[in-house]
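Numbering (this note's numbering), first residue to last: 14 to 322.
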């Protein structure tokens, strides 16, 4: 029900608890009697527990969480499609997603923006607006808005994630930050190591003991970035098309959760002058997931064309 309907019928006094699904303006006759209380966004482990309770397979939970982020409403809605991104017109509008600005706007940015508290163990923070924080938790939303966001946006979002002690959100921010560095052609370095399949946590072997093979300087003059593939079949089709025509693009971001296995594919030229297709998992986690079935489905078209991966 739109807020103006509640005001027209003077129904505010009929509710003891009123839960909103978007921005809610306090400019009303009953404002002085209202006490705001924030219900923070849901964390990954909470939504995974709900998925397990419902008997959903891990792939279903992962696919839903990829789109919904911390919104329980969208997580439970099988028909949910990421939309309403038109309300973010550019970097200046995107900055509002990290603030409380726009709370009374008719543009429902709270369909995108999530709210949390600085200290979830302090009950006073839930009723103190100054202790509320704003962020974006949906990977699908961030990926779709990459062309509207700057690396600076993700630097600010990283500070928010650290302040809320949300490791999962920090990982999402790192992924988005990497995408924007590529899209905005910001220079960065990638160290490539030979994979030796040693459990370094068990054997107490440091990362610097690995054999570094390449140092890639990533600062392309021009780059073609694509965000596509809304299911596994479409993602595989994109890879087949790219393998057939390598000049099709330079960097691909999937618009679908690939079981936390692949977050991007980059076409890079290495110091040995060999062009390779690099399948990237962008993570800050010490423990991570890699589905060999998902990886092989995406890599296979390039292998069949005898391209370097």
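Even glycine gets a Cβ: it sits at the ideal position worked out from N, Cα and C.
Remember, predicted model here, so these are calculated numbers, not experimental data.
Buried or exposed (CB count within 10 angstroms, at least 16 for buried), residue i
i: residue 198; result: exposed
i: residue 75; result: buried
i: residue 201; result: exposed
i: residue 117; result: Note that residue 117 has pLDDT 49, beneath the 50 cutoff, so the model's placement of it is unreliable and the number below is only indicative. By the neighbour-count rule (16 or more Cβ atoms within 10 Å), residue 117 is not buried but exposed.
i: residue 30; result: exposed
i: residue 126; result: buried
i: residue 136; result: exposed
i: residue 130; result: buried
i: residue 204; result: exposed
i: residue 142; result: exposed
i: residue 150; result: buried
i: residue 18; result: exposed
i: residue 311; result: buried
i: residue 68; result: exposed
Residues that DSSP places opposite residue i in a beta bridge
i: residue 267; result: 241
i: residue 55; result: According to DSSP, which records beta bridges pairwise, residue 55 is partnered with nothing at all.
i: residue 129; result: 146
i: residue 280; result: 290
Neighbourhood of residue i by C-beta, 6 Å cutoff - its chain only, sequence neighbours within 5 removed
i: residue 255; result: 261
i: residue 313; result: none
i: residue 132; result: 138
i: residue 88; result: 60, 77 and 81
i: residue 253; result: 314
i: residue 49; result: none
i: residue 196; result: 159 and 238
C-alpha distance - residue i paired with residue j, whole-angstrom precision
i: residue 80; j: residue 290; result: 26 Å
i: residue 92; j: residue 292; result: 30 Å
i: residue 112; j: residue 145; result: 9 Å
i: residue 140; j: residue 183; result: 25 Å
i: residue 32; j: residue 267; result: 34 Å
i: residue 337; j: residue 272; result: The requested residue 337 is not part of the displayed model; the chain covers only 14 to 322.
i: residue 90; j: residue 175; result: 29 Å
i: residue 321; j: residue 285; result: 12 Å
i: residue 65; j: residue 166; result: 34 Å
i: residue 319; j: residue 54; result: 46 Å
i: residue 159; j: residue 278; result: 15 Å
i: residue 246; j: residue 72; result: 14 Å
i: residue 58; j: residue 47; result: 32 Å
i: residue 177; j: residue 27; result: 35 Å
i: residue 171; j: residue 62; result: 26 Å
i: residue 83; j: residue 164; result: 22 Å
i: residue 157; j: residue 259; result: 23 Å
i: residue 387; j: residue 56; result: The question about residue 387 has no answer here: the residues shown for the chain are numbered 14 through 322.
Proximity below 8 Å, CB of residue i to CB of residue j
i: residue 249; j: residue 241; result: no
i: residue 264; j: residue 236; result: yes
i: residue 276; j: residue 168; result: no
i: residue 60; j: residue 85; result: yes
i: residue 243; j: residue 283; result: no
i: residue 124; j: residue 51; result: no
i: residue 300; j: residue 288; result: no
Any non-hydrogen atom of the ligand NAP closer than 7 Å to residue i Cβ
i: residue 311; result: Because no ligand of any kind appears in the structure shown, any question about the ligand NAP cannot be addressed here.
Sequence-distant residues of the same chain with beta carbon closer than 7 Å to residue i, five excluded per side
i: residue 274; result: 294, 302, 303, 304, 307 and 308
i: residue 173; result: 111, 146 and 148
Beta-carbon proximity list for residue i, same chain, < 8 Å, skipping 5 on both sides
i: residue 317; result: 256
i: residue 297; result: 180, 183, 184 and 187
i: residue 162; result: 104, 107, 155, 189 and 193
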